[in-house]
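In our numbering, the protein residues as written are 15 to 321. Notes follow once the structure below has been shown.
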């Protein structure tokens with residue numbers, strides 16, 4: 015890890031950040047959030063999910079979101095799809111990048127998507143075939159890489175097996191998620207390095223929730239290990255409907271502040287990002303991120319990092 019290294023930040027707030035809200039959020043607010051985020055310098059903004067509405071009712075307006083999207087050149091807007099039907103829905107409204115999802119925990123998979131790990135991977139086969147035909151980029155999510163709310167410890171060998179299966183099916187990038195935020199820097203680095211023994215580091219991403227306040231420390235440890243793609247959610251929004259006790263994702267503002275301090279390039283304007291975080295958390299009556307709140311208190315235009 016060295017100053018000048020570029021880090022790709024994948025903003026998951028409009029999808030992962032909103033999916034666990036206790037009430038419906040207006041489509042107009044979702045679109046405004048995406049449009050504000052697109053002006054911060056972020057290059058990847060996960061827009062929504064095409065999971066069935068009864069499963070994730072907060073994202074039932076996926077078609078409306080994608081249809082109303084004002085795409086900014088140079089910004090990607092991937093969407094989550096669970097199966098072939100979800101893929102077709104996403105493509106019908108112009109989605110040109112998708113993500114599929116499974117878990118390293120059998121117990122979590124059965125609670126979350128009502129099937130085994132192997133059955134979930136089999137569901138992806140027709141999706142991957144269609145994506146190859148359509149030249150659509152595919153990201154794969156692996157949940158519960160550092161622990162599961164139902165089975166507890168998750169063997170690293172299971173994480174590696176699932177990640178390898180996603181790569182073999184054709185995923186371009188694989189995001190390793192600590193869904194319940196129980197990881198520590200040592201366990202996060204160990205898991206990442208184990209997966210990287212069989213999958214190139216440049217195809218790996220990390221996705222850490224902040225339940226125990228360890229997300230930034232875990233990210234730092236994984237940056238030291240070589241990862242250069244990090245998921246985050248503006249305002250620290252998020253949580254999983256199927257993982258009781260899991261709190262939000264690491265806040266994008268906190269992540270960018272740390273990366274800026276390390277001299278690692280993101281291309282993201284922290285002032286605009288903090289303003290966006292302030293706006294969406296006020297809309298949802300949620301606490302603001304620590305870095306975003308502190309940054310906006312400094313001066314109207316923000317200051318450079320002090321050392």
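All C-beta atoms, glycine included, are put in the ideal place defined by N, C-alpha and C.
Residue 167 and residue 160 have their C-alpha atoms spaced approximately 7 angstroms apart.
With respect to the C-alpha of residue 311, the residue from 284, 300 and 229 having the closest C-alpha is 284. Under the three-state reduction of DSSP, residue 216 is assigned to helix. For residue 247, the beta-bridge partners assigned by DSSP are 265. DSSP places residue 153 in no alpha helix (DSSP H) but in the uninterrupted beta strand (DSSP E) bounded by 151–157.
When only Cα atoms are considered, residue 119 and residue 157 end up about 8 angstroms apart.
Residue 71 and residue 127 have their C-alpha atoms some 15 angstroms from each other. The DSSP-derived three-state label of residue 167 is coil. Taking 8 angstroms as the upper bound for CB-CB distance, residue 165 and residue 121 are in contact here, some 4 angstroms apart. Residue 237 and residue 78 have their C-alpha atoms spaced approximately 37 angstroms apart. In the DSSP assignment, residue 53 falls outside any alpha helix (DSSP H) and carries neither an H nor an E.
The C-beta distance from residue 54 to residue 282 rounds to 6 angstroms, short enough to meet the 8 angstroms contact threshold. In the structure shown, residue 276 falls within a coil segment according to DSSP collapsed to helix, strand and coil. Classified as exposed, residue 37 has fewer than 16 neighbouring CB atoms from the shown chains inside 10 Å of its CB. The continuous stretches of alpha helix (DSSP H) do not include residue 119, and DSSP gives it neither H nor E. Collapsing the DSSP output to three states places residue 134 in a helix.
For residue 16, there is no enclosing alpha helix (DSSP H), as DSSP marks it with neither H nor E. Within the stretch 171–233, the complete alpha helix (DSSP H) runs of at least 4 residues fall at 199–210. For residue 133, the number of other beta carbons within 10 angstroms of its own is below 16, and it is reported as exposed. DSSP places residue 24 in the uninterrupted beta strand (DSSP E) bounded by 22–25.
Of all C-beta pairs linking the stretch 59–73 to the stretch 16–31, three or more are shorter than 8 angstroms, placing the two stretches in contact. Contact annotation: residue 52 and residue 59 have beta-carbon atoms nearer than 8 angstroms. In the three-state scheme derived from DSSP, where H, G and I count as helix and E and B as strand, residue 93 is classed as strand. Beyond the five residues adjoining it in sequence on each side, residue 176 comes within less than 7 angstroms, by CB distance, of 116, 118, 131 and 156 in the same chain, given in chain order.
Residue burial is scored here from C-beta neighbours: residue 172 has at least 16 other C-beta atoms within 10 angstroms and is therefore classed as buried.
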